[in-house]
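Structure, as C-alpha cells:
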Amino acid sequence: MTSLLPGAATLGVLGGGQLGRMFVHAAQALGYRCIVLDPDAISPAGAVAEKHIKTDYLDSFGLAQLARDCDAITTEFENVPAVALETLAGMRTVAPAAAAVAVCQDRAVEKAHFEAAGVPCAPHAVISNEIELAAVDPGLLPGILKTSRMGYDGKGQVRVASAAELAQAWEGLKRVPCVLEQLLPLKFELSVLVARGADGQIVNFPVQQNLHRGGILAVTEVPAPDVPAEVEKLAIAAARQVAAALNYVGVLCIEFFWLEDGRLVVNEMAPRPHNSGHWTMNGADVSQFELQVRALAGLPLPEPRQHSASVMLNLLGDLWFSDEGGPTPPAWDRVLALPGTHLHLYGKADARHGRKMGHLNITAETPSGAHAVAVQAAAILGLPTDF
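So that you can map any letter, position 248 of the sequence shown is 231 in our numbering, and since no number is skipped, the others follow by simple counting.
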C-alpha cells in the first residue's frame, strides 16, 4: 500500500468505544483527521473525532459515506460484522482484513488457526450439536464451556465439572455453538502485543503479566515480574508466528496461559489494541495506538522501547459507587498526588457496575517502585491490593 502521510489523509474507525477514542487521539497527534462510524450518539470515540457517522455497522449508506470520506479504515472491536469490513475493502484500504477479524470472532475457528500455525492451545472440543456433546472426551473435564462467538470479559462462559453439568450449561447457553476447554492449572496469564505492516514488518512489546478478577482484566505489570526470559522468548515467538500465519495487518494481542507444569499455551487473540497494552501510553516511546495508526497508514513500525517500569490498573464503574450510594467520582486528587500516576478516563457519561470507565498507569524507574505506588493507588480507590 502507498503510505498515507501525516496531515494529508483521513482515517476511519468502525466502533466508537474507548479503544477507538485512544486511536483517534493517536491519529490526531500525527495530523490525521478521523471519522468514526458508531450507532451510539454519545460514543467516546465519536465525541473526539472530526466527524461521527451515527449509523449501524451494516447500514449501506453509512458505510458508503465512510469509504467516500476516508483513505483507510480500521476497527476498534472484534465483533464488528466481518461483512462490513468486506464491503469497505472493496473501496478502501482496510486493516485488519475481514478474514483475519472473522477468525478472531469464532473460538472454534481461532483454535484451528492456532493449531495450523503450530502454536499449542488448551485441549478442547467443539460442541455445536447433541452428537458432539455426547462425544466429548471425559478427560476434558473439569473445563470451561465458552460460546464460540460474542463472548468477552468472562461473558458466555460456564465452568463445568461433569458431563451432566456440561449438558446443563450448553442448554443454558441456548445450545449455541460452543468450545469446551480443559481447565488447566494456571501459574499466570500473559499477553503479547504485536504490530504488523502490510509489507510483513513486525514489532512487539514486552510480555505483559495480567491479573483478572471476575473474568475482567484488573492489573497488568510490565516487565512481567514472575516470567523468566525463556518463557518471554517463547511467548513473543508464538505471537509473531500467529500474526504472520494470519497475514495480519495492524495491532494484534495474543493472550497466553503459563501453566504450573511450565507449559505455555495460547488462550485467545484480539484483532485490535488491548486493555493489557494501555501501559504503553506512558511507559513506552510509542503506544499501541500509535502503532495501530502507523500500520493502517503504511508508515514505518519502530521497535517499541519501554522506558519505564509500568503497572496498569483497570477502572470499572464500581469505583463510582460506595455503601452510601453513588455515582460519585473517586478521589482522583489523592491518586494523582502519587508519583508517576497517569489517569485516562474514557468520557463515558454514566458509571455502571462492571463498565470500563478508564485506566490508571503508574510508571517508575524500577518495577518495585511502580508496584509500590500501584498498591497505594489501589488502596485509595478501594481496589484489592493483593497483586
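Heads up, the beta-carbon is just placed ideally off N, CA and C, and yes, glycines get one too.
The residue from W303, A292, L326 with its alpha-carbon nearest to that of A332 is W303. Counted as a single uninterrupted DSSP element, the alpha helix (DSSP H) harbouring T263 occupies residues 263 to 266. Under DSSP, Q165 takes part in a beta bridge, and its partners are G126. Distance check between M340 and each of T311, A357, A362, G323 places T311 closest, using alpha-carbon atoms only.
Here the region 147 to 163 does not lie against the region 234 to 254, with fewer than 3 beta-carbon pairs under 8 angstroms apart. Annotation for R51: the continuous alpha helix (DSSP H) segment containing it runs 43 to 52. In chain order, R16, C17, I18 place their CB closer than 7 angstroms to the CB of E33, counting only its own chain and leaving out the 5 sequence neighbours on each side.
Secondary structure note for A201: its beta strand (DSSP E) is the uninterrupted segment 199 to 205. By the Cβ-count criterion, T(-15) is exposed, with fewer than 16 other Cβ atoms from all chains shown falling within 10 Å of its own Cβ. DSSP, reduced to helix, strand and coil, places K157 outside both helices and strands of the structure shown, so it counts as coil.
In this structure, V202 keeps its C-beta atom at 8 angstroms or more from the C-beta atom of L123. Collapsing the DSSP output to three states places T76 in a strand. For W241, the uninterrupted beta strand (DSSP E) run begins and ends at 233 to 242, by DSSP. In this structure E98 is exposed. Its beta-carbon is surrounded by fewer than 16 other beta-carbon atoms within 10 angstroms.
Per the DSSP secondary-structure output, G341 pairs in a beta bridge with L298, L328. As the crow flies, the alpha-carbon of A253 is around 7 angstroms from that of E61.
When C-beta atoms of the region 8 to 15 are compared with those of the region 271 to 290, three or more pairs fall below 8 angstroms, so the two segments count as touching. Using a Cβ-Cβ distance cut-off of 8 angstroms, the region 261 to 271 and the region 288 to 295 are in contact, since at least three pairs of beta carbons, one from each stretch, lie closer than that value.
Rounded to whole angstroms, D316 and A227 show a C-alpha spacing of 45 angstroms. With a cut-off of 8 angstroms on Cβ pairs, the region 153 to 169 is not in contact with the region 200 to 220, counting fewer than three such pairs. When DSSP states are grouped into helix, strand and coil, L366 belongs to the coil group.
Distance from the CA atom of P256 to the CA atom of A178, rounded to whole angstroms, is 9 angstroms. In this chain, the beta strand (DSSP E) harbouring C17 covers 16 to 20. For D54, the CB contacts under 6 angstroms within the same chain, skipping 5 residues up- and downstream, are L(-13), A(-8), T(-7) in chain order. DSSP links R179 through a beta bridge to I185, G233. Distance check between L247 and each of E148, K94, D369, L169 places L169 closest, using alpha-carbon atoms only. Burial is judged here by how many other beta carbons sit within 10 angstroms of a residue's own beta carbon; V66 has fewer than 16 and is exposed. Of the candidates N112, L173, S174, the residue whose Cα lies closest to the Cα of L156 is N112.
In this model, G(-1) and E59 are separated by some 8 angstroms (Cα to Cα).
Counting along the chain, the unbroken beta strand (DSSP E) around A108 starts and ends at 107 to 110.
When the five nearest sequence neighbours on each side are left out, the beta carbons in the same chain lying within less than 6 angstroms of the beta carbon of P64 are those of Y40, L41, in order along the chain. Taking C-alpha positions only, G(-10) is separated from G260 by approximately 26 angstroms.
Cβ neighbours of V205 within its own chain (closer than 6 angstroms, five residues either side excluded): P189, Q191, W262, S293.
Spanning the alpha carbons of D89 and S351 requires a straight line of approximately 39 angstroms. According to the DSSP assignment, K37 belongs to no alpha helix (DSSP H), since it is labelled neither H nor E.
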